[in-house]
Amino acid sequence: MPLATIWKTVVLYLLVVISMRIMGKRQIAELQPFEFAVALMISELAAFPLSDNDKTIMDGLIPIVILVACQFMISFISVKSTKAREFICGSPRIVIRNGCLQEENLRKELFTITDLLEQLRIANIQNVSDVEYGILETNGELSLVLKSQKRPLTPSDLGIETEYEGLSLDLIIDGVINYKSLELAKLDVKWLERQLKDNGWPNPKDIFYASLDTQGNFYFQPKRKAAKNRICPF
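The number in the working numbering is simply the position in the sequence shown, starting from 1, with 1390 added.
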C-alpha cells in the first residue's frame, strides 16, 4: 500500500472522529434526521479521496470541515430559537391520548399502527388502552406514559421512605485504579489496597472492576484469568 494512501487514511479517520465528537455525545438512535444525514455525508466524503487516487486529501477535508461548520451553526441556531428548532427538527406529536389512537397525527407522521404496536411490545405494554399518553419524539422514539392504575408500585405509593442512593464510584476498571474516584470519596490507594487484601486480593491489577456506593458498600470482581478456580465475592 502506498505511503500516501496510508497517510490519507489516517488523517481522514482522525478528521471523521473529531467531526463526530464535535456533533455531540449522542447514540445513532438519538440523532435528529439532519444530523444523521450529515454523518452519512461525512463518511462518504472521507472515502472519496481514498477511492480515487487522483483526488488529494484536501478534496475530502474541505467539504467535511464545511459540513461540520454548517451542522454546528444549525445546532447553535436550534438551541437559541425554538421556532428554528421546530422548523429543522420538527416537534413532538401525540399519537396516543387517554388510551385512544390519534389517527390524524399518525398519518401526518407516516407512522403506521404496526410500528406503534411494535414499540408498545418493546416497552412491555400489551394494550393501547393502558397508555395515558404516547408521544412520538423528534428523533423517532416513542415516549409512553402509562395510566396511573397501570403503573408499577413505587415505595412512595406504599408510604415507604427510602435512603438516598446516588451514583457508585468506579474505583478500578480492568486493573487500572481510578484516582479521581478515590479523591471524590476522600480515600486513598492504601485504603483500596487494604480492602482488596482483606478479601484475599492484594494486587489491584488482578481486579476487573471495583466500586463504592454512597452507603459505603465496597464491591469488586477479579479478572477471570486471575481468579482461575477461586470464587468471586458475589
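By construction, the Cβ of each residue, glycine as well, lies at the ideal position given by its N, Cα and C atoms.
Asked, Found
"Supposed close pair residue 1572, residue 1610 - CB separation, criterion 8 Å", "The Cβ separation is near 14 Å, so there is no contact."
"Cβ pair residue 1534, residue 1499 closer than 8 Å", "no"
"Neighbourhood of residue 1406 by C-beta, 8 Å cutoff - its chain only, sequence neighbours within 5 removed", "1432, 1433, 1436, 1454"
"Three-state secondary structure (DSSP) of residue 1524", "strand"
"Validate contact between the stretch 1600-1607 and the stretch 1555-1570 using beta carbons, cut 8 Å, 3 pairs", "yes"
"C-alpha gap between residue 1606 and residue 1591, whole angstroms", "19 Å"
"Within the stretch 1472-1553, ranges of the beta strand (DSSP E) (whole runs, at least 3 residues)", "1483-1487, 1521-1526, 1532-1536"
"For residue 1490 and residue 1510, the rounded distance between their alpha carbons", "14 Å"
"Candidates 1428, 1554, 1504, of which the one nearest residue 1464 by Cα", "1428"
"Residue 1558, DSSP secondary structure in three states", "coil"
"Cross-strand partners of residue 1612 (DSSP beta bridge)", "1597"
"Contact check, residue 1536 vs residue 1520, beta carbons under 8 Å", "yes"
"Residue 1588 vs residue 1565 beta-carbon contact at 8 Å", "no"
"Beta-carbon proximity check, residue 1462 vs residue 1450, cutoff 8 Å", "no"
"Residue 1522 beta carbon less than 8 Å from that of residue 1488", "yes"
"Nonlocal neighbours in the same chain, by C-beta distance under 7 Å from residue 1538, ignoring five residues either side", "none"
"Nearest residue (CA-CA) to residue 1457, options 1426, 1485, 1440", "1426"
"Alpha helix (DSSP H) segment containing residue 1587, residue limits", "1579-1588"
"Endpoints, alpha helix (DSSP H) assigned at residue 1398", "1393-1412"
"Same chain, Cβ closer than 8 Å to residue 1552, neighbours up to 5 away in sequence not counted", "1545"
"Inter-residue spacing [alpha-carbon to alpha-carbon] between residue 1396 and residue 1580", "46 Å"
"For residue 1566, the residue or residues it bridges with in DSSP", "1563"
"6 Å CB neighbourhood of residue 1622 in its chain, flanking five on each side removed", "The pLDDT assigned to residue 1622 is 48, lower than 50, so where the model puts this residue is not dependable; a value taken from the coordinates is nonetheless given after this. Closer than 6 Å at the Cβ level, and outside the excluded window around residue 1622, lie 1611."
"Strand pairing of residue 1602, partner residues [DSSP]", "1559, 1608"
"Local conformation of residue 1447 per DSSP, three classes", "coil"
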